[in-house]
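K.L.:
Going line by line, the protein sequences match chains S and L.
In terms of our numbering, the first sequence opens at residue 1 and continues consecutively.
In terms of our numbering, the second sequence opens at residue 69 and continues consecutively.
Using N, Cα and C, we set each Cβ at its ideal position, and we do this for glycine too.
Below is the structure I would like to discuss, written out as structure tokens.
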Amino acid sequence: MKQFLRGNYPLDVVIEEPAEAAVAGATEAFERKALSRLGGSICFVSKKGFLWKGDGTDGSRAADRQPA
Amino acid sequence: MDLGRQIASRLNEATFERIAGLAIANAELNRPRIGRSILDLAATLPGGDDRALVVAAGPSLHRRRSLERLRATGFTGSVVAVDGALGACLRAGVVPDLVVSVDPHGERIVRWFGDPALTAPPDDDYFRRQEMDPAHRRDEVAANRELVELVDQHGPRLRLALATSAAPAVVDRCEKAGMALYWWNPMYDDYDAPDSVSRRLHAANGLPCLNGGGNVGTAAWVIAHAVLGKRRVGIVGMDLSYAPGTPYAGTQYYPELRALLGERYAEAFIHIDNPHVGETWFCDPAYYWFRDVFLEMAREADCRTFNCTEGGILFGPGVTVTPLEHFLKGNDG
């Protein structure tokens, strides 16, 4: 912003320029948020098959479920 | 690459952003109500026929009178309907063997089962604006009232494959209608990755995770072959697109595309010639992504897939396009 704003008096505070990376990050976050409104109702995970029943190492709690 | 395809190429991540927070919150709310697993389903369906017909809610379902033709043939395979097609099925006298629901939306999805609380047209024009179910466009409140009665009447005969992501209002409605609920988790991410959401969810409730392919229609197709074990799966009403002549304002993502792109919104639509019906259909980026994903999944599936929609944009390697009667009568080769 310094190239656009020039005052004729000194400031008491130091104004830090935002890093380019931060600006790019904010833009990307905005784009992501905007795009998220166009997505589907369920995810797709490539190359992970159709159905995952667990691998027995994850503390699956099927036995704890109450019948409907 | 044109704008629509550019957007479509980013929708995998965008879908996670769109639904994961709400879907996982719903899963936590639903947890005390979870009973039967989707893995218990196959044993409850009549055996002896290795075919299933997935009924999605695209415009061809009405344009081609697919349900009336289904009813006329005495099809002996399993009928698996998405939630959005349930009303059309029941009105046509087709009681699905299984209904599938996944979308976590808090207010909209319960309408597919008839919302007893709806007494006046809501501010949300989602159902009036689109042609997914023309009955809702004509008179939204009357269509809802009729659906409440139909679902109450048939509920005790209906099985519902319900994702843990579903809104509690949907669970309430379907339980009260007497449906038999069979639960599953949507697969959100790579279950082998560190801090996988899918793995955490499975550890919490013990349910299998199903790779849903972006939309409920594809999820229903996955259930038909990967859960029910069907080897020949037909699909109707899965246009993944809009019929020629549909106004852009009558499409599902129109408000979102206007908000995102302003006056350039029309550039996001993708037009595709369907050589099987000699028509040009069009889709928004989301539907184009659904199509790409479906074709990728169809190549890997342990079943043959027959698209009997007779419209839309879903054709390519792994999908045989055929008239509905050929599939229903077993003349599909």
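With G302 (chain L) as the anchor, note down where its beta strand (DSSP E) starts and where it stops.
P.N.:
Residues R300 to V304.
K.L.:
For K397 (chain L), count the other beta carbons within 10 Å of its own beta carbon; 16 or more makes it buried, fewer makes it exposed. Which is it?
P.N.:
The residue in question, K397 (chain L), is exposed, as its Cβ has fewer than 16 Cβ neighbours within 10 Å.
K.L.:
Is the number of C-beta pairs between the segment 330 to 344 of chain L and the segment 215 to 229 of chain L that are closer than 8 Å three or more?
P.N.:
Verdict: no, contact absent.
K.L.:
Can you have a look at R359 (chain L) and say buried or exposed, based on whether 16 or more other CB atoms are within 10 angstroms of its CB?
P.N.:
With 16 or more other Cβ atoms within 10 Å, it is buried.
K.L.:
If G155 (chain L) sits next to A203 (chain L), beta carbons under 8 Å apart, how far is it from one beta carbon to the other, in whole angstroms?
P.N.:
G155 (chain L) to A203 (chain L), Cβ: 7 Å. Contact.
K.L.:
Please list, in chain order, all residues of the same chain as I340 (chain L) whose beta carbon is under 8 Å from its beta carbon, the five residues on each side excluded.
P.N.:
S309, T348, W349, F350, C351 and I381.
K.L.:
Use the C-beta contact count for K298 (chain L): other C-beta atoms within 10 angstroms, 16 or more gives buried, fewer gives exposed.
P.N.:
Classification of K298 (chain L): buried, given that the 10 Å Cβ count is 16 or more.
K.L.:
Would you grab the beta carbon distance between V148 (chain L) and L166 (chain L) for me? Rounded to a whole angstrom, and I think it's under 8 Å.
P.N.:
Rounded, the Cβ-Cβ distance is 5 Å, consistent with contact.
K.L.:
Rounded C-beta distance between G49 (chain S) and L79 (chain L)? I'm assuming under 8 Å.
P.N.:
The Cβ separation is near 21 Å, so there is no contact.
K.L.:
Can you check DSSP and say which residues form a bridge with W252 (chain L)?
P.N.:
L:A231.
K.L.:
For a contact meaning CB atoms closer than 9 Å, what does N283 (chain L) contact in chain S?
P.N.:
Under the 9 Å cutoff, chain S gives G40, S41 and I42.
K.L.:
What does V45 (chain S) touch in chain L if you count any residue whose Cβ is under 7 Å from its own?
P.N.:
Those are M255, D257, D258 and N279, listed as they occur along chain L.
K.L.:
For a test of the three-state rule: what should DSSP assign to C277 (chain L), helix, strand or coil?
P.N.:
The answer is strand: DSSP assigns C277 (chain L) an E or B state.
K.L.:
By the three-class DSSP mapping on this structure, what secondary structure does D341 (chain L) have?
P.N.:
Here D341 (chain L) sits in strand by DSSP.
K.L.:
Determine the chain S residues that contact I87 (chain L) at a beta-carbon separation under 8 Å, and present them in chain order.
P.N.:
Within chain S, the residues near I87 (chain L) are G39, G40, S41, I42 and C43.
K.L.:
In chain L, what lies closer than 8 Å to L51 (chain S) by C-beta?
P.N.:
Residues of chain L passing the Cβ test: P276, C277, L278, N279, V290, A294 and V295.
K.L.:
Where does C157 (chain L) sit, in a helix, a strand or coil, going by DSSP?
P.N.:
Correct three-state label for C157 (chain L): helix.
K.L.:
Hey, W251 (chain L) and S146 (chain L): beta-carbon distance below 9 Å or not?
P.N.:
Cβ distance not < 9 Å, so W251 (chain L) and S146 (chain L) don't count as in contact.
K.L.:
With 8 Å as the C-beta to C-beta threshold (strictly closer), list the residues of the segment 324 to 348 of chain L near chain S in chain order.
P.N.:
Here the close residues are E324, L325, A327 and L328.
K.L.:
In angstroms with no decimal places, state the Cα-to-Cα distance between A311 (chain L) and P127 (chain L).
P.N.:
When rounded, the distance between both Cα atoms is 7 Å.
K.L.:
Closer than 8 Å is the cut-off here; do at least three beta carbon pairs connect the segment 264 to 281 of chain L with the segment 95 to 105 of chain L?
P.N.:
Segments in contact, yes.
K.L.:
Does the Cβ-Cβ distance between G281 (chain L) and V122 (chain L) come in under 9 Å?
P.N.:
Their beta carbons are not under 9 Å apart, which means G281 (chain L) does not touch V122 (chain L) by this criterion.
K.L.:
Along chain S, which residues have their Cβ under 7 Å away from the Cβ of S309 (chain L)?
P.N.:
Here the premise fails: no neighbours, minimum Cβ distance about 15 Å.
K.L.:
Could you tell me which chain S residues have their CB closer than 9 Å to the CB of F181 (chain L), listed as they occur along the chain?
P.N.:
By Cβ distance, chain S contributes nothing, its closest Cβ being about 16 Å from F181 (chain L), past 9 Å.
K.L.:
Can you list the alpha helix (DSSP H) stretches of 4 or more residues lying completely in the segment 89 to 164 of chain L, in chain order?
P.N.:
Within the segment 89 to 164 of chain L, the complete alpha helix (DSSP H) runs of at least 4 residues are 128 to 131, 134 to 141 and 154 to 159.
K.L.:
For the beta strand (DSSP E) containing V238 (chain L), name the first residue and the last one.
P.N.:
Here V238 (chain L) belongs to no beta strand (DSSP E); instead the alpha helix (DSSP H) covers P236 to K244.
K.L.:
For N212 (chain L), which residues in the same chain have their Cβ closer than 7 Å to its Cβ, ignoring the five residues on either side in sequence?
P.N.:
The residues are R179, G182, D183 and L186.
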